[in-house]
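What follows is a single structure, written as structure tokens, with notes after it.
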Amino acid sequence: MHTNAGNLKKGDFIHYQNAIWQLQKAEFYSPGKGSALMKTRIKNLLSAKNIDYTFKTNETVEVAQIDSIEMQFLYKDGQNLHFMNERSYQQYQIPLSVVGDAADFFQEGKKYFVYLQKDNPLTVRPPLSVKLKVVATEAGIKGDRVTGAKKPAKLETGVEVQVPLFVKVGDTVSVNPETGEYVERVKT
Amino acid sequence: MKIISNTQNLIHYKVLLQVEEAVHKFMKKKGFLRVDLPVLSPSLIPESYLEVFETEYRYLDKRQKLYLTPSPELFMKRLLSEGIGNIYYLGKAFRNSEPSSSLHSSEFTILEFYKINADYLDLAKEVLELLQFILNSLRRHSGESRFDRGDFGQARVTIQNQTSFSKWEKFTVAEAFEKFAGISEKELFDKKTFINKAKEKGYRVSGFSYEDIWSQIYTAEVEQKLGTRGFPTLIYDYPKEFAALAKLNPDDRTAQRFEFYIQGVELGDCYTELSDWKQQQSRFKQEADKRKKMKKINHPIDKGMTTALKYGLPDCAGIAIGLERLAMIFANVQSIQQIKLITVET
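Protein chains in written order, with UniProt numbering: chain P, 1 to 188; chain B, 1 to 346.
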């Protein structure tokens, strides 16, 4: 299916330069000379890389038919993340290489949106923020007042992140899965 | 389409009011006469890159098509050719087929002014003075010697202070393409070479005109870099294809047009006005043909204006500035919607 770039909106999927991209931003712009334009930020579905691209509004763009289906995350192994469609009970695998660092933040039993093209899984939408329990970390060193001092902590999914010294085993912390960085301690 | 009320924008809206007030004061001080003009007209100037709003006058069996003016230019040029002198308009203008975005709204406030016996670069000096005048008046209003903050009663708003209006950063269009897009002057003006260069850069060229591709590269690679180095940027001498109503330079390939930018936002568009009525008529015809080809609304061409030009438009330069965009810079906000109390969004 084709459309004019002028019709694109946030969330749409398109084929561009032999890859599938999702629109993160689409804004009309008319420079008052030549064609009107659609300024977009597009995210490569497989590499998760964002680029800015300016289309002419009357430029034809191939729309990618992508289904986004909510599925239960089962487990992670050495190569893949495993999901199950709870309606069909069909299982799908997504390679770790596609998901990148965010793969460490999926929680078993929780639901995530899996992107499929003709029932072929492409990738999964990583959670925007995750709240995870600290399962192991050294006790805070008393008297250490260095601002911003951090220590490693192991979280319930097995991932290790740097946290402030006051964080204890049993605390729940919020982490940005894209950067793998600690955001804040959350009250439970 | 929906109507959105944004009373949380009151402090930014007040900056818009201050900017408007400063504009009136500046124009009065400089001896420009304010002209109040219709926004409904039975005929317009043909401009291929704009779409218009069409409506209808009705009385009994009488029907007459009317158009909302996309700029006050046609009326102002009539007045100029009748010898009215320096004039300005600050009021509404309407542009169809432009979906709401951070820098676009179908209805907006335009400041347009014309100066007799001046060319585009003379007018650039006036614009710089105007920017400085607005900043000073916002400073005074804030009641502080430092100008970075204005107090508008309810909350404080940061007045744009990253840009100094003491001078222009100037580039010709050719220099800007060379510097920011790596396209040489030779490549820029030779249509075939330019299109090949665009193709090399990965742009879709098949089925598109030189103007379309030019516009795409300009927007994608040049525009966002303008007005970001501490001074507003003046970008001038456009290829003649982009200046339907501007006087040509002696090189015969560029026209006396400039635009100016602050923080990557285009704020104004200025021409040394074309006063040769024969040239004007032939350009009108080209623009009207383009409109027809692009299946745009087929409005009557304003003949009165051509007649007026025939009797003589004085040598003058004119500029149009988007008031909302200008106020956005001073209010330090990123979209038109943030400085309006009510917006209608597409």
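Positions of the beta carbon are idealized from the N, C-alpha and C atoms, including for glycine. None of the values given here were measured: they were computed from a predicted structure.
Problem set entry | Neighbour flag for L37 of chain P against chain B, beta carbons, 8 Å | Using beta-carbon distances, L37 of chain P counts as an interface residue toward chain B, with a partner under 8 Å.
Problem set entry | Beta carbon proximity, Y16 of chain P to chain B, threshold 8 Å | It does not; no Cβ of chain B falls within 8 Å.
Exercise. In the structure shown, what three-state DSSP assignment does V98 of chain P receive?
Worked result: Shown here, V98 of chain P sits in a helix according to DSSP, grouped into three states.
For this session: Measure the CB-CB distance between T69 of chain B and L323 of chain B and report whether it falls below 8 Å.
Result: No; because the gap between Cβ atoms is not below 8 Å, this pair is not in contact.
Problem set entry | Neighbour flag for S275 of chain B against chain P, beta carbons, 8 Å | Taking Cβ atoms only, chain P never reaches closer than 8 Å to S275 of chain B, which makes this a no.
Exercise. Quick one: is R204 of chain B near chain P, going by C-beta distance under 8 Å?
Worked result: Chain P, which has a Cβ nearer than 8 Å to the Cβ of R204 of chain B, makes this yes.
Problem set entry | Interface residues of chain B facing T54 of chain P [CB-CB closer than 8 Å] | What T54 of chain P touches in chain B, judged by beta-carbon distance under 8 Å, is Q216, T219, A220, going in chain order.
For this session: Answer yes or no: does any C-beta atom of chain P fall closer than 8 Å to that of R146 of chain B?
Result: Residue confidence is low: R146 of chain B scores 36 on pLDDT, short of 50, so the model does not pin down where it sits. Its coordinate-derived value is still stated next. No - not a single Cβ of chain P is within 8 Å of the one on R146 of chain B.
For this session: State yes or no: is the beta carbon of E59 of chain P nearer than 8 Å to at least one beta carbon in chain B?
Result: Chain B has a Cβ within less than 8 Å of the Cβ of E59 of chain P.
Exercise. For residue 347 of chain B, which of helix, strand or coil comes out of DSSP?
Worked result: As shown, chain B starts at 1 and ends at 346. That puts residue 347 of chain B outside it, with no answer to give.
Problem set entry | Cross-chain neighbours of residue 348 of chain B in chain P, by beta carbon under 7 Å | Here chain B covers residues 1 to 346 and nothing more, so residue 348 of chain B does not appear.
For this session: If I'm right that residue 379 of chain B touches E54 of chain B with Cβ under 8 Å, what's the distance once you round it to whole angstroms?
Result: This structure gives no information on residue 379 of chain B, because the portion of chain B shown stretches from 1 to 346.
Problem set entry | Closer than 8 Å to chain P by CB, P232 of chain B | False, the Cβ-Cβ gap to chain P never drops below 8 Å.
For this session: Taking only the alpha-carbon atoms, compute the straight-line gap between G264 of chain B and N6 of chain B and give it to the nearest angstrom.
Result: Cα to Cα, G264 of chain B sits roughly 25 Å from N6 of chain B.
Problem set entry | 6 Å Cβ shell around G153 of chain B - same chain, five flanking residues per side excluded | Any reading at G153 of chain B must be qualified, since the residue scores a pLDDT of 41, below 50, and its modelled position is unreliable; the value itself is stated next. Cβ-Cβ distances below 6 Å link G153 of chain B to nothing in the same chain once the five nearest sequence neighbours on each side are left out.
Exercise. Taking just the CA atoms, how far does Y53 of chain P sit from L313 of chain B?
Worked result: L313 of chain B and Y53 of chain P: Cα-Cα distance of roughly 43 Å.
For this session: Report the option in P:V124, P:V183, P:E156, P:G170 whose CA atom is closest to the CA atom of Q162 of chain P.
Result: For Q162 of chain P, the closest alpha carbon among the candidates P:V124, P:V183, P:E156, P:G170 is that of P:V183.
Problem set entry | R78 of chain B versus B:D237, B:K296, B:T343, B:Y114, residue with shortest Cα-Cα distance | Answer by Cα proximity: B:Y114.
For this session: Alpha carbon to alpha carbon, how far is D104 of chain P from V167 of chain P? Give it in angstroms, no decimals.
Result: Put simply, the backbone Cα of V167 of chain P is about 20 Å away from that of D104 of chain P.
Exercise. For Y29 of chain P and chain B, any beta-carbon pair shorter than 8 Å?
Worked result: Taking CB atoms only, Y29 of chain P has a neighbour in chain B less than 8 Å away.
Problem set entry | Local conformation of E144 of chain B per DSSP, three classes | With a pLDDT of only 45 at E144 of chain B, under 50, the local geometry of the prediction cannot be trusted, and the value read off the model is given with reservation. Under the three-state reduction of DSSP, E144 of chain B is assigned to coil, being neither helix nor strand.
For this session: Select from P:L23, P:Q107, P:V186, P:V61 the residue whose C-alpha is nearest the C-alpha of residue 190 of chain P.
Result: As shown, chain P starts at 1 and ends at 188. That puts residue 190 of chain P outside it, with no answer to give.
For this session: Name, please, each residue of chain D whose Cβ falls closer than 8 Å to the Cβ of K10 of chain P.
Result: Protein chains P and B are contained in the structure displayed, whereas chain D is not.
Problem set entry | chain P contacts from the region 89 to 111 of chain B (Cβ-Cβ distance under 7 Å) | E98, P99, S101, S102, L103, H104: these are the residues of the region 89 to 111 of chain B whose beta carbon lies less than 7 Å from some beta carbon of chain P, given in chain order.
Exercise. Is there at least one non-hydrogen atom of the ligand SAM closer than 7 Å to the beta-carbon of L60 of chain B?
Worked result: Questions concerning the ligand SAM fall outside what the structure shown contains, since it holds no ligand whatsoever.
For this session: Give the straight-line distance between the Cα atoms of F13 of chain P and I42 of chain P, rounded to the nearest whole angstrom.
Result: The alpha-carbon atoms of F13 of chain P and I42 of chain P are separated by roughly 9 Å.
Problem set entry | is_contact[G34 of chain P, chain B] using C-beta, thresh 8 Å | At a cut-off of 8 Å between beta-carbon atoms, G34 of chain P makes contact with chain B.
Exercise. Using a Cβ-Cβ distance under 8 Å, would E345 of chain B count as near chain P?
Worked result: Chain P contact via Cβ: absent.
For this session: Could you pull out every unbroken beta strand (DSSP E) segment of at least 3 residues lying fully inside the region 87 to 125 of chain B, listed in chain order?
Result: If we require 3 residues or more, the beta strand (DSSP E) runs fully inside the region 87 to 125 of chain B come out as 87 to 94, 107 to 116.
Exercise. In this structure, does DSSP put W277 of chain B in helix, strand or coil?
Worked result: Annotated three-state conformation of W277 of chain B is helix, per DSSP.
Problem set entry | Element boundaries [beta strand (DSSP E), containing R58 of chain B] | Here the beta strand (DSSP E) through R58 of chain B covers 53 to 59.
Exercise. With 16 other CB atoms within 10 Å as the buried threshold, where does N9 of chain B fall?
Worked result: Result: buried.
For this session: Evaluate L128 of chain P with the Cβ neighbour count: other Cβ atoms within 10 Å of its Cβ, from every protein chain shown; 16 or more gives buried, anything less gives exposed.
Result: Here L128 of chain P is exposed, its C-beta having fewer than 16 other C-beta atoms within 10 Å.
Exercise. Shorter than 8 Å from the beta carbon of Y49 of chain B to some beta carbon of chain P?
Worked result: Chain P, which has a Cβ nearer than 8 Å to the Cβ of Y49 of chain B, makes this yes.
Exercise. The alpha helix (DSSP H) with I342 of chain B in it runs from where to where?
Worked result: I342 of chain B -> not in any alpha helix (DSSP H); beta strand (DSSP E) instead, spanning 342 to 345.
Exercise. How about C270 of chain B and A331 of chain B: do their beta carbons lie closer than 8 Å?
Worked result: Taking 8 Å as the cut-off, the beta carbon of C270 of chain B is found no closer than this to the beta carbon of A331 of chain B.
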